[in-house]
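The structure appears below as structure tokens.
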Amino acid sequence: MKFDTIIIGGGLSGLTCGIALAEAGKQVAIVSAGQSNLHFNSGSFDLVGYHNGEEVKNPLTALGQLSENHPYHKLSNPDVLANRARKLLEEAGIQTVGDNQKNHYRLSPVGKLIPAWLTMEGLFTVNSAEELKGKRICLANITGFLDFPVPYLADALRGYGAEVTLSTVTTPLLEHARQSPSEMRATNIANYLSDDEHLQEVAGALKQKVSPAKAGQLLLPAVLGIANDHAAKRLQQLMPVETKFVATMPPSVPGTRIQTALRRYFQKLGGTLIANDTVIKGDIENNKVVRVYTENLVETPLEANQFVLATGSFLNGGMASNYDGIFEPIFHLDVDGSNKRTDWTADKLFDRQPYQSYGVKTDSLFLVSKDNTVIDNVYAIGAILSGNDPRMATSTGVDLLTALSVASSIAQM
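With this note's numbering applied, the sequence shown covers 48 to 460.
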């Protein structure tokens with residue numbers, strides 16, 4: 048099978064790049080091993096959340112202040128790319144709130160306010176912690192649902208100055224699901240409540256618990272709408288008070304919805320999704336990859352003019368290690384990082400962990416190299432790039448912006 052471009056990896060960076068190339072008229076295939084980091088995503092996207100241990104107010108300003116080895120420094124027009132990223136998400140059906148010039152705050156599952164660039168509509172956000180002072184909030188949970196730690200959320204919100212009341216709700220369907228703890232997961236509940244009748248039952252139970260006189264805002268776990276935002280919006284319409292959602296512990300319904308929407312849009316544009324398969328090796332001739340092989344298509348190599356590596360870092364298997372050192376497992380590309388095992392980690396858990404910044408080397412166009420020679424048709428994007436630092440909250444921004452930058456380069460060929 049022959050394509051213009053093959054993207055290895057079906058997470059946020061791979062899907063974004065694939066959509067941008069498909070929109071440009073390219074024949075694109077994405078080889079996706081299965082679930083991605085999107086299943087842990089909160090429903091928010093970041094550009095820069097922290098710098099030198101401090102919260103960032105203006106992410107674009109902070110972006111230019113990061114260390115020279117950060118992937119952002121290879122982007123010539125981050126503001127334009129950020130605007131394009133938001134437009135692409137909207138085209139895929141993911142509506143967001145946010146501003147390139149000013150971070151807002153999302154609420155984590157344990158109640159911490161975290162800086163964010165974009166957040167899906169319907170999720171709880173504030174522009175500053177000051178907004179919570181004196182705010183009357185009813186925090187409601189589904190009986191038996193343990194991935195929404197209400198005590199932590201309540202204590203944190205009260206610490207910010209909010210007046211918090213607590214409530215739980217159940218229905219016969221949810222009570223049945225509670226008999227098996229494995230069924231009380233966010234994605235399973237979302238499937239149960241995709242039926243309008245079941246949703247109406249939950250709304251009715253909530254109305255009996257929530258008093259507009261006592262609560263100015265209702266916060267619920269984000270367990271509605273894997274395929275789209277219909278159920279979440281419908282419940283908001285049915286409630287007598289302003290209703291917002293808070294991401295739960297993984298698996299994440301907002302993250303799963305993002306992946307579902309991006310996949311559908313990519314395929315709608317004519318892209319080919321090769322799901323549940325893994326690229327295991329490739330043939331390199333004259334400093335170019337000419338074909339790759341997958342676990343399931345051993346006898347049918349995939350050929351393309353351009354290749355994009357979007358396999359993620361160590362968590363996703365895009366980077367690997369053994370007793371001899373660290374390496375990129377498909378093409379064995381040049382990597383940035385120490386092969387001395389004692390250099391990989393810091394002694395203290397919450398210190399910067401060096402291995403988290405390891406990744407493949409790339410030039411200014413994100414082209415990779417092997418044995419110190421640039422491979423002319425293989426690009427790397429997202430978490431596999433060296434220079435990332437998860438403590439800065441830049442990961443999804445790196446995914447989106449590097450994907451769009453590489454797609455632009457390929458589209459012009």
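Glycine residues also receive a C-beta, built at the ideal position from the N, C-alpha and C atoms. This structure is a prediction, so every number in the text was calculated from the model and none was measured.
{"Item": "CB contact flag (Ile77, Ala139, <8 Å)", "Value": "no"}
{"Item": "Distance, Gln284 Cα to Cys185 Cα", "Value": "17 Å"}
{"Item": "Unbroken alpha helix (DSSP H) run spanning Gly65, endpoints", "Value": "Leu59 to Glu70"}
{"Item": "Contacts around Ile305, its chain only, beta-carbon distance under 7 Å, and the 5 residues preceding and following it disregarded", "Value": "Leu85, Asn88 and Ile141"}
{"Item": "Cβ-based burial, Ala393 [other Cβ within 10 Å; buried from 16]", "Value": "exposed"}
{"Item": "Check: Gly181 C-beta below 7 Å from any heavy atom of the ligand GTP", "Value": "Among the components of this structure there are no ligands whatsoever, and the ligand GTP is therefore not found."}
{"Item": "Member of Arg131, Tyr199, Gly58 and Leu220 whose CA lies at the smallest distance from the CA of Leu213", "Value": "Tyr199"}
{"Item": "Cα-Cα separation between Thr63 and Ser258, rounded to whole angstroms", "Value": "43 Å"}
{"Item": "Beta-carbon proximity of Met231 to Leu193, cut-off 8 Å", "Value": "yes"}
{"Item": "Within the segment 405-457, ranges of the beta strand (DSSP E) (whole runs, at least 3 residues)", "Value": "414-417 and 420-427"}
{"Item": "Secondary structure of Pro125, DSSP reduced to three states", "Value": "helix"}
{"Item": "Of the listed residues Gln112, Ser60 and Ile54, nearest to Met439 (C-alpha basis)", "Value": "Gln112"}
{"Item": "Cβ shell of Asp330 (< 6 Å), same chain only, five flanking positions each side left out", "Value": "Val337 and Arg338"}
{"Item": "Option nearest Asn424 by Cα separation, candidates Val249, Lys335, Leu447 and Thr234", "Value": "Lys335"}
{"Item": "Straight-line gap, Asn419 to Glu332 (C-alpha atoms, nearest Å)", "Value": "15 Å"}
{"Item": "Residue(s) in a DSSP beta bridge with Pro268", "Value": "Val293"}
{"Item": "Start-to-end residues for the beta strand (DSSP E) that takes in Arg338", "Value": "Lys335 to Thr341"}
{"Item": "At least three beta-carbon pairs within less than 8 Å, the segment 141-157 to the segment 165-173", "Value": "yes"}
{"Item": "Paired residues, beta bridge with Arg153 - DSSP", "Value": "Ile161 and Thr172"}
{"Item": "Cα-Cα separation between Asp276 and Phe171, rounded to whole angstroms", "Value": "15 Å"}
{"Item": "Element boundaries [beta strand (DSSP E), containing Gln82]", "Value": "Unbroken run through Gln82: none, as it is neither H nor E."}
{"Item": "Bounding residues of the alpha helix (DSSP H) (the contiguous stretch that carries Val211)", "Value": "From DSSP, Val211 is part of no alpha helix (DSSP H) but of the beta strand (DSSP E) over Glu210 to Val216."}
{"Item": "Opening and closing residue of the beta strand (DSSP E) in which Val355 lies", "Value": "Leu349 to Leu356"}
{"Item": "Residue(s) in a DSSP beta bridge with His98", "Value": "Glu101"}
{"Item": "Classification of Phe195 by the beta-carbon crowding that lies within 10 angstroms, buried from 16 upward", "Value": "buried"}
{"Item": "Assumed close pair Thr215, Ala187 - CB separation to whole angstroms, cut-off 8 Å", "Value": "7 Å"}
{"Item": "Arg232 in three-state terms, based on DSSP", "Value": "coil"}
{"Item": "Given 8 Å, three or more beta-carbon pairs between the segment 446-453 and the segment 53-60", "Value": "yes"}
{"Item": "Range covered by the beta strand (DSSP E) that runs through Val332", "Value": "One detail in the question is off: residue 332 reads as Glu in this sequence, not Val. Start and end: Val326 to Glu332."}
{"Item": "Beta carbon of Gly544 nearer than 8 Å to that of Val300", "Value": "Only positions 48 to 460 of the chain appear in this structure, which leaves residue 544 out of reach."}
{"Item": "From Ile54, Tyr152, Leu362 and Ala252, residue whose alpha carbon lies closest to that of Glu222", "Value": "Ala252"}
{"Item": "Cα-Cα separation, Gln264 to Tyr426", "Value": "46 Å"}
{"Item": "Inter-stretch contact (C-beta, 8 Å, three-pair minimum) for the segment 96-111 and the segment 402-422", "Value": "no"}
{"Item": "Residue from Arg388, Val326 and Lys256 whose Cα sits closest to the Cα of Gln400", "Value": "Arg388"}
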